[in-house]
Structures are given as C-alpha cells and as structure tokens.
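Trainee:
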Amino acid sequence: MSNLHQQLKQRRKALGLRQQDMEMRIGMPRQQYQRLESGGNPRLETLELVAKGLNLRVMLIPEDKVRIIEEFLTGQTDLTATAEPISDHVADNPWQGLLGDEDD
Numbered sequence: 007m008s009n010l011h012q013q014l015k016q017r018r019k020a021l022g023l024r025q026q027d028m029e030m031r032i033g034m035p036r037q038q039y040q041r042l043e044s045g046g047n048p049r050l051e052t053l054e055l056v057a058k059g060l061n062l063r064v065m066l067i068p069e070d071k072v073r074i075i076e077e078f079l080t081g082q083t084d085l086t087a088t089a090e091p092i093s094d095h096v097a098d099n100p101w102q103g104l105l106g107d108e109d110d
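Quick note: the sequence shown uses my numbering, first residue 7, plus one each step.
Here's what the structure looks like:
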C-alpha cells in the first residue's frame, strides 16, 4: 500500500497543495490527512473522498491488464497498436469481460 500513499502525496504536490489544504477540499483535518499519507490504512469511503479531492478516481484493474495500463499511462504504449485488440463494444459496455465472465 506504500505505493498508494506515495501516489497521493505526489498528486497533492503536483496540484500545488499542502496537507492542510485538504481540509478545505474534502473536510479532512491536516493531522488525519497526514496520517493517511504517511502510511495509514484508509477505508474505501475515505480513499474515494481523498481521490475526489485530488481529482483522481479509484479503480480496480485486472492483474493481467495492469502492465498495459501502466505502459499507457506513462506513454510507453499506444492502445490502438497493442497485440490485444480493443473491442468496438468497449464504448457500449466498458465492464464487459472485466471479471472474466461471459456476456449475460
């Protein structure tokens, strides 16, 4: 989870925010936010609130898709040129096949 804490800190700094600024953005006192950033174990509800305050979104990514998503986010991969074709149906149903289930 330390990666998560580091990502929150990096994002806050990239937005030019201080820890105490989070109170105005999400209503979380500086001390509570500081504990979260330094290794606290937030509830999902708290993590979603912090993410919203940092203009982020909490997402679950299937393990077999993590590498390609990371490469895309760092500009190393163009998703239109991947070996894994992106279905035309993704726009219709972006969750299709996410958990390995068949069409219902």
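Just so it is clear, CB atoms sit at the ideal spot from N, CA and C, and this is done for glycine as well.
On a predicted model such as this, the values are computed, not experimentally measured, just so you know.
1. What's the gap between the Cα of F78 and the Cα of D84?
2. Tell me which same chain residues have a C-beta within less than 8 angstroms of the C-beta of M28, skipping the five on either side of it?
3. When you compare only the Cα positions, how much space is there between R49 and L42?
4. Within 10 Å of its beta-carbon, does E14 have 16 or more other beta-carbons around it, so buried, or fewer, so exposed?
5. Helix, strand or coil, according to DSSP, for D27 in the structure here?
6. How about V64 and E51: do their beta carbons lie closer than 7 angstroms?
7. In terms of residue numbering, what span does the alpha helix (DSSP H) encompassing D84 cover?
8. Does the Cβ-Cβ distance between I74 and I67 come in under 7 angstroms?
Mentor: On the basis of the data shown:
1. 6 angstroms
2. R18, M34, R36, Y39, V56 and G59
3. 10 angstroms
4. Reading off the sequence, residue 14 comes out as Leu, not Glu. When all chains shown are included, L14 counts as buried.
5. helix
6. no
7. Careful: D84 lies outside any alpha helix (DSSP H) and carries neither H nor E.
8. no
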